[in-house]
Amino acid sequence: MPAPRILVTGGAGFIGSHTCVALIEAGYQPVVLDTLVNSDARSLKRVACITGVEPVLVRADVRDAAALDRAFAAHEVRAVVHLAGLKAVGESVADPLGYYDVNLAGSLALARAMDRAGVRTLVFSSSATVYGDSHPSPIAEAAPHGPVNPYGRTKSMVESMLADLSRADPRWGIACLRYFNPVGAHESGLLGELPNGPPNNLMPYISQVAAGEREYLVVHGADYDTADGTGVRDYVHVMDVAEGHVAALHRAARRPGILMANLGTGHGASVLEVVSAFERASGRRIALRIGPRRPGDAPAYWADARSAWRTLGWRARRDLDQMCADSWRWQCANPHGFDDPVPALVPGAALFQNNDRGINIHSNRGHTHV
Ligand SMILES: NC(=O)c1ccc[n+]([C@@H]2O[C@H](COP(=O)([O-])OP(=O)(O)OC[C@H]3O[C@@H](n4cnc5c(N)ncnc54)[C@H](O)[C@@H]3O)[C@@H](O)[C@H]2O)c1
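Quick note: the sequence shown uses the numbering used here, first residue 134, plus one each step.
Structure, rendered in structure tokens:
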């Protein structure tokens, strides 16, 4: 039996490439549709190094209806994981139309193409930004939406569109995954986040300071009403997030309707706690300077993760120390990203044994599939 094919839009990106690993390990064949506007096709070669299976790449735009129709016709796709999108909050404020076009119009074009192809199982990458900044933590899925920037509004609107679609047509099975703060890297050191320019997010920034690429970390506000005064977020390992997609796919395939699920650990870590964990993982001192608060930053938020456990049977398994250790391994092994040769497999990633073709064949078959 050939492995069931899953179309993964945005599958060459940070979360998408790790999701390809999790899908292959669960016995699926990802077909990636990506423009590569914020990613590199070599991420898929690294997926092959880890799993022994290289995802097919369809280089196309998720807004391109004809390209979508061709992809569905060519690949006998069973279900879709939709991650393609633009994700920089600041950029979304400067270029709202660009964001509505890719994130909203792209999702509409995709849902229409799925309907034409008769593929009605969808996992959508949403975000904790749909909640806005006024809810007490932990934040449960029932909390009302209140996004405070165009990026968050595009995610909220796509969720509403998909909820309307599921009410209108009960054949659809949809899961919207609200990620909190995905960080870390694959434990092999072969796959990780490649920020384009100065990182917007804390962990890649710290990682670059530890590596000596940046002089110091600016902590944006140390006078919040939190235990140590710095902002608190729910950091979740990217491989846990990736595995959440497999759990959501199973659920969406079996149960029609729409489900919203937080992907977070259920507790927060402050900036200073992340810095300490990274210092432990790397053995390096992280220089830092305290700067003013950033407008629009919430002091603290973390997920109520109980519903994801109840509905998907998913919970985060990797802790902050592992998130830092895996980020640091990725940083050390790939200081120039995918321009570096495939690193020698790293001690500690014993799971990843080379076979004589130089790749591991650890794919895990025999699961039940969508
Ligand atoms: N990383 C986070 O912190 C985070 C948090 C919450 C939600 N998300 C969402 O998860 C998804 C994946 O995020 P990521 O961190 O992997 O980002 P990423 O930029 O690494 O991945 C997005 C991928 O989509 C592709 N893409 C962009 N526009 C496209 C288009 N028009 N057609 C086809 N492909 C296109 C990019 O080339 C990239 O490979 C995004 O939808 C993002 O909004 C991310």
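We treat Cβ as the ideally placed atom computed from N, Cα and C, and that holds for glycine.
{"Asked": "Excluding five sequence neighbours on each side, which residues of the same chain lie with their C-beta closer than 6 Å to the C-beta of Pro480?", "Found": "Confidence is the limiting factor: at Pro480 the pLDDT is only 44, short of 50, which leaves the residue's position unreliable and the question unanswerable from this model."}
{"Asked": "Given a threshold of 16 other Cβ atoms within 10 Å of its Cβ, counted over all protein chains shown, does Leu335 qualify as buried or as exposed?", "Found": "buried"}
{"Asked": "So does Ala246 have its beta carbon nearer than 6 Å to some heavy atom of ligand 1?", "Found": "no"}
{"Asked": "On the premise that Val404 lies in contact with Gly364, defined as a C-beta separation below 8 Å, what is that separation, rounded to the nearest angstrom?", "Found": "6 Å"}
{"Asked": "Do you know whose CA, among Arg179, Asp228, Gln162 and Ala242, lies nearest Leu201's CA?", "Found": "Ala242"}
{"Asked": "Between Gly146 and ligand 1, is there a pair consisting of the residue's CB and a ligand heavy atom that are separated by less than 6 Å?", "Found": "yes"}
{"Asked": "Is Asp173 near ligand 1 - that is, is its Cβ less than 6 Å away from at least one heavy atom of it?", "Found": "no"}
{"Asked": "In chain order, what residues of the same chain lie with their CB nearer than 6 Å to the CB of Ala482, ignoring the 5 residues before and after it?", "Found": "Bear in mind that the predicted position of Ala482 carries a pLDDT of just 43, short of 50, making it too unreliable to give a figure here."}
{"Asked": "Under three-state DSSP, which class holds Arg443?", "Found": "helix"}
{"Asked": "For Leu298, count neighbouring C-beta atoms within 10 Å of its own C-beta (all shown protein chains included) and say buried if the count is 16 or more, exposed if not.", "Found": "buried"}
{"Asked": "Given 6 Å as the limit, tell me if Ala199 has its C-beta closer than that to any heavy atom belonging to ligand 1.", "Found": "no"}
{"Asked": "Comparing the CB of Pro315 with every heavy atom of ligand 1, is any distance shorter than 6 Å?", "Found": "yes"}
{"Asked": "Hey, how far is the Cα of Phe471 from the Cα of Val164?", "Found": "21 Å"}
{"Asked": "Drop a sphere of 10 angstroms on the beta-carbon of Leu531, count the other beta-carbons inside from all chains shown, and report buried for 16 or more, exposed for fewer.", "Found": "The structure shown does not extend to residue 531, since the chain spans only 134 to 503, so no value can be given for it."}
{"Asked": "Just checking: is the beta-carbon of Tyr233 within a distance shorter than 7 Å of some beta-carbon in chain B?", "Found": "No chain B is part of this structure, which consists of one protein chain only."}
{"Asked": "Heavy atom of ligand 1 less than 6 Å from the Cβ of Tyr264, yes or no?", "Found": "no"}
{"Asked": "Quick one, which of Asp358, Leu140, Gln464 and Asn467 has its alpha-carbon nearest Arg426's?", "Found": "Asp358"}
{"Asked": "Just to confirm, does Tyr312 get its C-beta within under 6 Å of one of the non-hydrogen atoms of ligand 1?", "Found": "yes"}
{"Asked": "Does the Cβ-Cβ distance between Val263 and Pro315 come in under 7 Å?", "Found": "no"}
{"Asked": "Just reading off the alpha helix (DSSP H) that Pro229 is part of, what are its end residues?", "Found": "Pro229 to Tyr232"}
{"Asked": "Could you give the residue range of the beta strand (DSSP E) that holds Arg384?", "Found": "Unbroken run through Arg384 is the alpha helix (DSSP H), Val371 to Arg387; no beta strand (DSSP E)."}
{"Asked": "So if DSSP puts Tyr368 in a beta bridge, which residue, or which two residues, is it bridged to?", "Found": "Asn314"}
{"Asked": "In whole angstroms, what is the alpha-carbon distance linking Asn493 and Gly317?", "Found": "Caution is warranted here: a pLDDT of 36 is assigned to Asn493, below 50, making its placement in the model unreliable, and the coordinate value is therefore given only provisionally. Cα to Cα, the separation comes out at about 21 Å."}
{"Asked": "Could you tell me whether the segment 440-458 touches the segment 291-306, where touching means 3 or more Cβ pairs closer than 8 Å?", "Found": "no"}
{"Asked": "Mapping the DSSP letters down to three states, classify His215 as helix, strand or coil.", "Found": "strand"}
{"Asked": "Cβ of Phe205 within 7 Å of Cβ of Ala261?", "Found": "no"}
{"Asked": "How many angstroms separate the CA atom of Ala343 from the CA atom of His208?", "Found": "43 Å"}
{"Asked": "Is DSSP giving Met134 helix, strand or coil here?", "Found": "coil"}
{"Asked": "Classify Asn334 as helix, strand or coil using the three-state DSSP reduction.", "Found": "coil"}
{"Asked": "Can Thr287 be considered in contact with ligand 1, in the sense that its beta carbon sits closer than 6 Å to one or more heavy atoms?", "Found": "no"}
{"Asked": "Tell me whether Val235 counts as near ligand 1, meaning its Cβ is closer than 6 Å to at least one heavy atom of that ligand.", "Found": "yes"}
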